[in-house]
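Numbering (this note's numbering), first residue to last: 889 to 1125.
Okay, structure first, notes after.
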């Protein structure tokens, strides 16, 4: 029997985390979920309190756990994976909302031998570039991948790879995805996951996209994890 452990790394996500938890419960079946693990990296807002309150008010639903971790998405997601009991791990950003029956869609692909993958992406913004970028995510091309699309992977494959590389403060999703592509173990579920365009709205669409392209290029040219992080801190963070 397949059971999914949903792992959500958060840092100051009081505005979105309860909406996401409600969305996950509404659009999945209790029988398919081992638990939902929210991994907090040191929030200073009400994130931890809100998760705890929501968990306590939904005791008859899938088990919702709040885990505290050192800051950093790679560290937080690896910490969540250590507490997971499901044989499938589903890593999800706090501002990304998977489609209806996402749990069964993932399980169906696992049964077909697709041991890792993601959903097609759709931004909650009508800007033509973001819509075009979303359209391209239907294709199984490495350049079209990113953590906002979420990541499902069998627990055994995740452990075999060694989890997320904690040397990477940013780009950690892509490092894992690169390894999956090397193993020819990546599948795109052609259902839309809706993600927030808040970072693009905050920084400007073209400015942020430019910096993401530079980070991608720097990694392709051999930049270290620290170099990528320093660039991100200087121009994006």
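Cβ coordinates follow ideal geometry from the N, Cα and C atoms, glycine included.
Note that the coordinates shown come from a computational prediction; the quantities given were computed from them, not determined experimentally.
Taking the CA atoms as reference points, residue 946 sits about 12 angstroms from residue 906.
Take residue 959, set aside five residues on each side of it, and the residues of its chain with a beta-carbon closer than 7 angstroms to its own are 899, 929, 930, in chain order. Scanning its chain for C-beta atoms nearer than 6 angstroms, with the 5 sequence neighbours on each side dropped, one finds around residue 1064 the residues 1052, in chain order. By the neighbour-count criterion, in which a residue is buried when 16 or more other Cβ atoms sit within 10 angstroms of its Cβ, residue 1058 is buried. Contact check for residue 1113 against residue 1055 passes: the beta carbons are separated by less than 8 angstroms.
If you check the CB distance, residue 988 and residue 920 do not come in under 8 angstroms. Apart from the 5 residues on each side of it in sequence, residue 1095 has no Cβ closer than 7 angstroms to any other Cβ in its chain. The beta-carbon distance between residue 973 and residue 893, rounded to whole angstroms, is 6 angstroms. This is short enough to meet the 8 angstroms contact definition. In the structure shown, residue 1060 falls within a helical segment according to DSSP collapsed to helix, strand and coil. In this structure residue 982 does not touch residue 1041 by the C-beta definition: roughly 19 angstroms separates them, more than the 8 angstroms allowed. Residue 1008 sits close to residue 1081, with the two beta carbons spaced by under 8 angstroms. The beta carbon of residue 979 lies closer than 6 angstroms to those of 895, 965, 1039 in the same chain, with the five residues before and after it left out. Our two residues, residue 1078 and residue 1026, have alpha carbons roughly 6 angstroms apart in a direct line. In the three-state reduction of the DSSP assignment, residue 953 falls in the strand class.
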